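Chemist:
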Amino acid sequence: MLRIEQLHVSYGGIQAVRDVSLEVNEGEVVTLIGSNGAGKTTTLNAICGITPSRGTIQYRGVELQGKATHQIVREGIVMVPEGRRVFPKLTVAVNLLMGAYARKISKASLQKEMEEIYHLFPRLAERKNQMAGTMSGGEQQMLAIGRALMAKPSLLMLDEPSMGLAPIIVKDIYETIRRIKGQGITILLVEQNASMALSVADRGYVLENGEIRLHDTAQNLREQDKVKRAYLGR
Numbered sequence: 033m034l035r036i037e038q039l040h041v042s043y044g045g046i047q048a049v050r051d052v053s054l055e056v057n058e059g060e061v062v063t064l065i066g067s068n069g070a071g072k073t074t075t076l077n078a079i080c081g082i083t084p085s086r087g088t089i090q091y092r093g094v095e096l097q098g099k100a101t102h103q104i105v106r107e108g109i110v111m112v113p114e115g116r117r118v119f120p121k122l123t124v125a126v127n128l129l130m131g132a133y134a135r136k137i138s139k140a141s142l143q144k145e146m147e148e149i150y151h152l153f154p155r156l157a158e159r160k161n162q163m164a165g166t167m168s169g170g171e172q173q174m175l176a177i178g179r180a181l182m183a184k185p186s187l188l189m190l191d192e193p194s195m196g197l198a199p200i201i202v203k204d205i206y207e208t209i210r211r212i213k214g215q216g217i218t219i220l221l222v223e224q225n226a227s228m229a230l231s232v233a234d235r236g237y238v239l240e241n242g243e244i245r246l247h248d249t250a251q252n253l254r255e256q257d258k259v260k261r262a263y264l265g266r
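In terms of this note's numbering, the sequence shown opens at residue 33 and continues consecutively.
1) I want to know whether the region 147-156 touches the region 191-202 - three or more CB-CB distances under 8 Å.
2) So the beta strand (DSSP E) Val118 belongs to, where does it begin and stop?
3) For Gly236, list the residues DSSP reports as bridge partners.
4) With burial defined as no fewer than 16 other Cβ atoms inside 10 Å of the residue's Cβ, what is the status of Asn68: buried or exposed?
5) Using C-beta distances below 6 Å, list every residue in its chain close to Ala113, excluding the 5 sequence neighbours before and after it, in chain order.
6) The beta strand (DSSP E) with Ala134 in it runs from where to where?
7) Going by DSSP, name the residue or residues bridged to His40.
8) Is the beta carbon of Gly87 sitting closer than 9 Å to the one on Glu37?
9) If the criterion is Cβ atoms closer than 9 Å, does the pair Ser196 and Ile65 meet it?
10) Measuring alpha carbon to alpha carbon, tell me which of Gln173, Gln215, Ser231, Ile200 ends up nearest Pro185.
11) Does the Cβ of Ala226 have 16 or more other Cβ atoms within 10 Å, making it buried, or fewer, making it exposed?
12) Give me the DSSP bridge partner(s) of Asp191.
13) Going by CA-CA distance only, name the one from Ile82, Arg135, Leu253 that's closest to Arg106.
14) Quick one: what's got a C-beta closer than 8 Å to Glu240's C-beta in the same chain, skipping five residues either side?
15) Just mark Lys203 as buried or exposed, buried being the case when its beta carbon has 16 or more other beta carbons within 10 Å.
16) For Asn57, which option in Met146, Thr166, Leu220 has the closest C-alpha, if you only look at C-alpha atoms?
17) Flag this pair as yes or no: are the beta carbons of Val62 and Glu243 separated by less than 9 Å?
18) Which residues mark the beginning and the end of the beta strand (DSSP E) in which Met111 is found?
What follows is the structure, encoded as structure tokens:
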């Protein structure tokens with residue numbers, strides 16, 4: 033579905049990502065784990081066309097390099113960015129509608145899809161007329177994911193969905209990720225919280241200093257001593 037080969041990204045004279053190759057198959061949850069500054073977000077930004085890069089990024093056989101971000105969204109790739117970035121002065125309902133801006137869809141279908149998001153996130157239904165900026169961090173994360181789902185992605189990319197959230201909220205977010213996976217949506221997940229990421233993923237890649245050091249099934253990565261010591265606190 034998504035295939036990246038020999039990806040290189042530089043900022044000035046600093047090479048942030050070096051020779052990264054990875055793939056995501058349809059229906060999978062694949063996670064990129066690593067410490068802060070390892071190159072995880074840079075990789076997602078390259079896929080979205082935000083960050084200039086060298087290498088090959090193919091999605092369903094279509095080369096994404098050189099495409100604008102809005103064209104990549106139309107290919108079915110949608111990212112929930114780190115820090116959520118909801119529209120703080122717009123209501124929950126309007127934020128969700130913004131997710132469907134690039135789609136041609138009837139009013140009835142749009143309303144039906146919003147109800148599906150409210151079913152997935154009941155808290156958003158309770159706050160649909162509330163300004164997004166007045167919500168808690170966890171609620172904003174739910175909104176950001178809901179807004180992305182309104183774009184009807186075939187590949188959903190999540191950048192640090194647990195960052196800054198209380199453990200009980202993180203548990204809720206990851207339960208939702210499992211439910212999204214159950215709907216058949218492919219997910220590429222970037223996380224520093226390796227334990228949570230590997231609990232939901234099928235496969236994982238470990239990024240260190242811009243390079244992939246390990247790649248295996250999520251279960252096997254959880255059992256590797258290096259991963260245990262560096263990322264799982266064991």
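From the three backbone atoms N, C-alpha and C, an ideal C-beta is built for every residue, glycine too.
What you are looking at is a predicted structure, and each value in this text was computed from that prediction instead of being measured.
Modeler: Let me spell this out:
1) Counting Cβ pairs under 8 Å, fewer than three are found: no touch.
2) Premise fails: Val118 is in no beta strand (DSSP E) and is neither H nor E.
3) Thr63, Asp248.
4) Exposure of Asn68 is indicated by the presence of fewer than 16 other C-beta atoms within 10 angstroms of its C-beta.
5) Going by the sequence as given, residue 113 is Pro instead of Ala. Annotation for Pro113: Asp191 place their beta carbon closer than 6 Å to its own, counting only its chain and skipping 5 residues before and after.
6) Looking at the DSSP string, Ala134 is not in any beta strand (DSSP E), and its letter there is neither H nor E.
7) Per DSSP, the beta bridge partners of His40 are Arg86.
8) Yes, Cβ-Cβ distance for Gly87 and Glu37 is below 9 Å.
9) For the sequence presented, residue 196 should be read as Gly rather than Ser. Cβ atoms of Gly196 and Ile65: not closer than 9 Å.
10) In terms of Cα proximity to Pro185, the closest of Gln173, Gln215, Ser231, Ile200 is Gln215.
11) With a threshold of 16 other beta carbon atoms within 10 Å, Ala226 meets it and is buried.
12) The partner list for Asp191 (beta bridge, DSSP) reads Val222.
13) Taking only the C-alpha atoms, the option nearest Arg106 is Arg135.
14) Result list for Glu240: Gly66, Ser67, Ala70, in chain order.
15) Under this definition Lys203 is an exposed residue.
16) Restricting attention to Met146, Thr166, Leu220, the CA atom closest to the CA of Asn57 is found in Leu220.
17) Contact: no.
18) For Met111, the enclosing beta strand (DSSP E) starts and ends at 109-112.
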